[in-house]
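Following: one structure in structure tokens, then a few remarks.
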Amino acid sequence: MKHIRKIGEYSIAGSIGIATLFVLSGCNSQDNKEQATSNSIKQGAFVIIEEQEDGSYKILEEHPSDTTRVLLKSKDGNERMLSNEEINEMLKEEEKKIDNGTSQLTNPTGTGLGLGEAILASAAGAIIGSWIGNKLFNNQNFQTQQRTTYKSPQAYERSKNSFGNQAGASTNRATASSGKSGFFGNSSSAGSSDRSQSAFGG
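Counting from 1, one number per residue, gives the positions in the sequence shown under this note's numbering.
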């Protein structure tokens with residue numbers, strides 16, 4: 001009987017050990033999935049701005065990236081990457097235009113966008129020039145004509161979808177880990193969400 005009891009005890013212990021192993025394996029698998037999701041979320045944007053024949057500029061393409069960069073394609077076929085200093089200077093000038101009511105983004109006259117205006121209307125502008133956000137993205141004129149800042153409707157939709165997926169992945173991860181909505185809970189998620197939707201066409 002003692003031998004039978006010991007065999008039974010070993011069997012129970014073995015079952016518990018296997019069950020524990022499966023639980024731990026499941027946890028590790030979930031951790032790995034969350035880590036993979038975390039690593040796949042990009043915090044920046046790669047934007048291509050194209051000069052048009054009339055000298056105006058449009059957003060040719062943009063997608064999430066690890067860093068924020070802007071590539072300028074001039075109408076003569078040349079391409080160059082804009083420096084952060086150039087972008088910051090142009091965004092400061094565009095802020096002044098918005099304040100003065102002379103920006104094509106908020107007070108369009110039909111003459112097309114300047115380079116700084118095209119950058120500000122892009123995902124790069126929303127990231128680098130985030131301090132201008134409320135002045136631009138809450139403006140009804142900008143919301144109405146935002147699609148026209150892109151070279152084509154297809155480019156606009158691709159941008160909307162790619163950045164929308166990024167925002168959704170970030171929000172879902174934060175909600176799962178903290179039990180609150182948005183990146184930092186209810187207090188700041190509304191502003192971040194509104195800015196993201198406006199900036200990226202939601």
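Beta carbons are placed, not taken as given, at the ideal position from N, Cα and C, and that holds for glycine.
- Item | Assigned secondary structure, Pro153 (DSSP; H/G/I helix, E/B strand, else coil) | helix
- Item | Local Cβ density within 10 Å of Ser81, reported as buried at 16 or more and exposed below that | The displayed chain sequence assigns Met, not Ser, to residue 81. It is exposed - the Cβ of Met81 has fewer than 16 other Cβ atoms within 10 Å.
- Exposed or buried, Lys92, counting other C-beta atoms within 10 Å across all chains shown (16 or more means buried)? exposed
- Taking the Cβ atom as the reference point for each residue, do Gly101 and Asn107 lie within a distance shorter than 8 Å? yes
- Residue from His63, Ala118, Gly112 and Gln154 whose Cα sits closest to the Cα of Ile87: Ala118
- Task: For Leu82, name the three-state secondary structure that DSSP assigns.
- Result: coil
- Query: What residue ranges within the stretch 94 to 147 form continuous alpha helix (DSSP H) runs of no fewer than 4 residues, ordered along the chain?
  - Reply: 115 to 121, 123 to 128, 133 to 137 and 140 to 145
- So what's Lys92 in DSSP terms, helix, strand or just coil? helix
- Message: Between Asn155 and Leu71, how many whole angstroms is the CB-CB distance? I'm expecting something under 8 Å.
- Response: With the sequence shown as reference, residue 155 is identified as Ala, and Asn is not the correct amino acid for it. In fact, because the Cβ distance is near 14 Å, the residues do not count as touching under 8 Å.
- Query: With distances taken from CA atoms, which of Thr149, Gly133 and Ala45 is nearest Gly112?
  - Reply: Thr149
- Query: To the nearest angstrom, how far is it from the Cα of Gly129 to the Cα of Met90?
  - Reply: 10 Å
- Item | Of the residues Ile127, Gln146, Thr144 and Leu136, the one placed nearest Gly44, counting alpha carbons only | Ile127
- Buried or exposed: where does Asn84 fall if 16 or more other Cβ atoms within 10 Å of its Cβ makes it buried? exposed
- Option in Lys73, Leu105 and Gln52 with minimal Cα separation from Asn141: Leu105
- Which residues in the same chain as Lys73 place their Cβ atom closer than 8 Å to its Cβ, once the five residues preceding and following it in sequence are excluded? Ile48, Ile49, Glu50, Glu51, Leu60 and Glu79
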